[in-house]
Structure formats: C-alpha cells, structure tokens
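I have placed the structure first, in the form of structure tokens, so that the comments after it can refer back to it.
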Amino acid sequence: MEIRHSTNPSDAKKYDTAQLRHHYLIEELFVDGQIKMVYSHEDRLIVGGAKPTDEALALEAQETLKTDFFLERREIGFFNIGSSIAVITVDGEAYELGKLDTLYVGKGAKDVRLASKDAAAPAKIYFTSALAHSTFPTRKVSVEEANTLHLGSLESSNERTIHQIIHENGVQSCQLMLGVTLFKPGSVWNTMPMHVHDRRMEAYLYFNLGEDARVFHMMGEPDETRHIVVANEQAVISPAWSVHSGAGTSSYAFVWAMAGENYTFKDMDAVPMSTLR
12 MEIRHSTNPS DAKKYDTAQL RHHYLIEELF VDGQIKMVYS HEDRLIVGGA KPTDEALALE
72 AQETLKTDFF LERREIGFFN IGSSIAVITV DGEAYELGKL DTLYVGKGAK DVRLASKDAA
132 APAKIYFTSA LAHSTFPTRK VSVEEANTLH LGSLESSNER TIHQIIHENG VQSCQLMLGV
192 TLFKPGSVWN TMPMHVHDRR MEAYLYFNLG EDARVFHMMG EPDETRHIVV ANEQAVISPA
252 WSVHSGAGTS SYAFVWAMAG ENYTFKDMDA VPMSTLR
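Under this note's numbering, residues 12 to 288 are what the sequence shown spells out, in order.
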C-alpha cells in the first residue's frame with residue numbers, strides 16, 4: 012500500500028510537473044494478479060485496482076490499517092471498468108459484476124476476495140474505501156439502476172450522462188459516494204463550470220481512453236490552477252480545496268468517488284468563470 016500525505020494549497024502552488032504527478036496522480040492500478048492500493052490522507056480514502064488472473068485475491072492491508080481485517084472500520088465500493096466478469100466474494104457469498112456494475116460492501120465484512128470469472132480474460136476492478144462509523148448492507152447494482160442525469164450539450168463539448176450509484180438517494184453508505192460519468196462522442200469537458208466542495212475530497216479514475224488519448228485534468232485553487240496529463244486507467248486524488256475538471260483529446264469516461272464531511276451530492280461551491288486563473 013502506497014501512502015500519500017495531505018498537501019497544502021500554498022505548497023501546491025510551488026510544485027513543478029513531477030511534484031504534481033507524485034502527489035496527486037496514480038499511474039498504475041491494474042497489474043496482472045495483483046491488488047494495487049494508495050492510502051490518501053485526504054479524508055483517508057483508499058484508491059485501488061485489481062486484475063485477478065489465476066487465483067482469487069484477498070483484500071488485506073493489516074500493516075497499513077493496523078486492524079484485524081480490511082473493513083473493520085471501513086466501507087468500500089467496487090466498480091468493474093472492463094468487459095470481463097468480475098467475481099467478488101464477501102464472507103462466502105459471491106457477486107458477479109459485469110461492465111459498469113457496482114458492489115457496495117459495508118463495515119464489518121471480514122473476508123473479501125476478488126476474482127475473474129475467466130482467468131484468460133481478467134476483470135479490471137476499481138475500488139474506493141472510506142472510513143465508516145455505521146454499517147450498511149452489501150448491495151450489487153447495475154448502471155441501469157443508478158439515478159441517471161443527462162447534462163450538457165454537444166455545442167459546449169460536454170454532453171454527458173452521470174450515473175449516481177452510491178449516494179443519498181441510491182445505495183446507502185456511511186460517507187462514501189460513487190458514480191460514473193460517460194461522455195457522448197464529440198464531448199470532452201467534465202465538471203465545467205468548475206466547483207469546489209471544501210467539506211469532502213474526490214478521486215477520479217479516467218478510463219475508456221485510447222492508447223494515444225489523454226485527459227488534461229485541471230486542479231488547484233480557482234485563482235491558481237494547474238493541470239496534470241492523465242492516460243487511460245489512471246486516477247487523480249483531488250483535495251477538498253482543489254477544483255477538479257478536465258478536457259480530453261477524445262471522449263472518455265470517469266468514475267468519481269467522494270468522502271468527507273457532507274453526504275449531499277449537491278453540496279458544492281460554484282466557481283465563476285471570471286475567477287479562474
């Protein structure tokens with residue numbers, strides 16, 4: 012488990028490209044036969060990816076978390092970004108996840124194992140885990156069952172579909188929120204106009220990008236923005252003080268996840284275009 016400490020906006024203003032990428036970009040999450048995890052001190056969110064091959068992979072991190080099992084004091088959301096079927100077993104009960112399916116697992120589940128239904132075609136399982144002080148039931152949900160919003164337009168290059176999955180009016184959790192945004196062909200801008208929500212951090216996983224395509228992820232304080240160039244299946248940690256927006260060289264998709272003080276999706280502070288620098 013890699014550890015990423017919290018950062019201060021005053022310090023971030025001085026970061027060069029390498030430092031920005033070191034603090035906020037997660038470059039490799041899906042490695043054959045492994046679980047990769049990053050522990051962020053931004054609201055103590057864990058961002059991870061798994062690509063199970065021949066054997067099921069146990070979700071473990073005792074040395075980092077100092078608990079008897081991973082979900083002793085945590086909850087987690089799994090999201091299958093690939094076309095192959097993922098099999099997640101929670102305390103002996105197996106759940107199959109197709110592409111864009113989500114599995115929420117609440118605090119207290121002891122034995123969690125990640126596998127691919129077909130080892131020759133490994134699944135790609137993305138997950139985020141937040142601290143939890145109450146327990147909610149395990150639940151699988153397809154993207155069709157999500158609360159769906161159609162926003163933007165082709166004229167403004169941001170015609171997109173937002174699927175809210177783990178949130179206040181969907182799959183219930185303690186503080187974790189998760190969903191996916193899919194762009195229509197010809198649209199490339201996400202989260203524009205920009206906003207911040209100082210009461211919670213956010214993590215983005217960008218996917219459905221071609222090998223030569225990139226997303227220019229915007230971050231920083233509204234009047235002191237920076238950018239990070241992101242490739243397919245890479246993730247970005249966004250502190251609560253930072254804007255989080257992006258534009259791609261082609262259409263793409265991203266999984267967004269949040270944790271922190273407030274559990275209301277609409278809790279955000281809009282940033283006027285005239286403020287951006």
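Note that beta-carbon positions come from the ideal geometry of N, C-alpha and C, so glycine has one too.
What you are looking at is a predicted structure, and each value in this text was computed from that prediction instead of being measured.
Does the region 211-221 come within contact of the region 110-124, defined as at least 3 CB pairs closer than 8 Å?
-> no
Rounded to whole angstroms, what's the CA-CA distance from residue 227 to residue 43? Just pull it up for me.
-> 27 Å
Please confirm whether residue 176 and residue 128 have their CB atoms less than 8 Å apart.
-> no
On the DSSP bridge assignment, give the partners of residue 238 in chain order.
-> 229
Any idea which residues DSSP pairs residue 145 with across the strands?
-> BP columns for residue 145 are empty, so no partner.
What separation, rounded to the nearest whole angstrom, lies between the Cα atoms of residue 7 and residue 20?
-> Summary: the structure shown does not reach residue 7, with the chain confined to residues 12 through 288, and so no result is reported for it.
Start-to-end residues for the beta strand (DSSP E) that takes in residue 85 = 85-91
With a Cβ-Cβ cutoff of 8 Å, do residue 255 and residue 192 count as a contact?
-> no
Where does residue 78 land, buried or exposed, given buried means 16+ other C-beta within 10 angstroms?
-> exposed
The region 178-190 / the region 154-163 touching (three or more Cβ pairs under 8 Å) = yes
Return helix, strand or coil for residue 32, following the three-state DSSP convention.
-> helix
For residue 18, I'd like the list of residues in its chain whose CB is within less than 7 Å of its CB, leaving aside the five on either flank, ordered along the chain.
-> 34, 250
With a Cβ-Cβ cutoff of 8 Å, do residue 93 and residue 67 count as a contact?
-> no
What residue range is occupied by the uninterrupted beta strand (DSSP E) comprising residue 256?
-> 256-259
Can you check DSSP and say which residues form a bridge with residue 213?
-> 249, 269
Which residues bound the alpha helix (DSSP H) around residue 74?
-> 73-76
Do you know whose CA, among 12, 23, 32, 52, lies nearest residue 45's CA?
-> 12
If I'm right that residue 198 touches residue 163 with Cβ under 8 Å, what's the distance once you round it to whole angstroms?
-> 7 Å
At what residues does the alpha helix (DSSP H) containing residue 168 begin and finish?
-> Per DSSP, residue 168 belongs to no alpha helix (DSSP H) and is neither H nor E.
From the DSSP output, read off the bridge partner residues of residue 49.
-> 13, 58
Determine the DSSP secondary structure at residue 107, reduced to helix, strand or coil.
-> strand
Decide if the region 234-250 is in contact with the region 143-155; the criterion is three or more beta carbon pairs, one per stretch, under 8 Å apart.
-> no
Near residue 270, which residues of its chain fall below 8 Å by C-beta distance, leaving aside the five closest residues on each side in sequence?
-> 54, 55, 56, 139, 141, 142, 186, 187, 188, 211, 212
Where does the unbroken beta strand (DSSP E) through residue 97 begin, and where does it stop?
-> 97-101
State yes or no: is the C-beta of residue 47 within less than 8 Å of the C-beta of residue 36?
-> no
Nearest-angstrom Cα separation, counted from residue 85 out to residue 144 | 8 Å
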